[in-house]
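If you're matching positions, the sequence shown starts at 1 in the UniProt record's numbering and goes up one per residue.
Ideal placement from N, C-alpha and C gives every residue a C-beta, glycine not left out.
Please read these numbers as outputs of a predicted model, since none were measured by experiment.
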Amino acid sequence: MINSPEFQKEIDARLAQERERRERTMKSDIEREKSRILEDFRRKEEEEKRSKQKLEDILAENERKVRLEQQRQAEEQAKADELRLMELQKLQVAREEERRKKALEEKEEPGSSNQPLPRQRLAFKMKTSSLF
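So, in structure tokens, the structure goes:
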């Protein structure tokens with residue numbers, strides 16, 4: 001019986017069936033693994049794209065904030081410069097006003113140094129100044 005051709009055919013048929021079953025199982029496993037690997041690759045690639053886009057968005061936002069801050073600082077500096085200029089102009093106007101007042105006072109003062117002294121006073125001044 002074990003050596004009979006019928007038994008041998010049955011064993012060969014069962015072996016062929018088992019081989020086909022295992023091949024199908026292996027092909028199925030290989031296809032699943034291939035699909036999993038491809039899906040992982042796509043997922044990682046998509047994740048890298050999102051990360052890269054997120055980083056670019058962050059950099060763009062930071063650049064925008066830096067530009068806004070620089071613009072704000074420039075505006076503040078311009079305002080400060082304008083205030084300084086206004087203060088300087090006020091000081092200059094005040095000095096000019098003071099000079100004009102002083103000039104008017106000197107003109108209005110009797111016996112100011114611009115008017116010539118009478119000879120007697122001049123001589124007295126000369127004598128007293130030579131003592132010291």
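Check: Out of curiosity, what's the CA-to-CA distance linking ARG21 and LYS27?; Outcome: 10 Å
Check: What span of residues does the alpha helix (DSSP H) with ASN62 cover, start to end?; Outcome: 5 to 108
Check: In whole angstroms, what separates the C-alpha of ILE30 from that of GLU61?; Outcome: 46 Å
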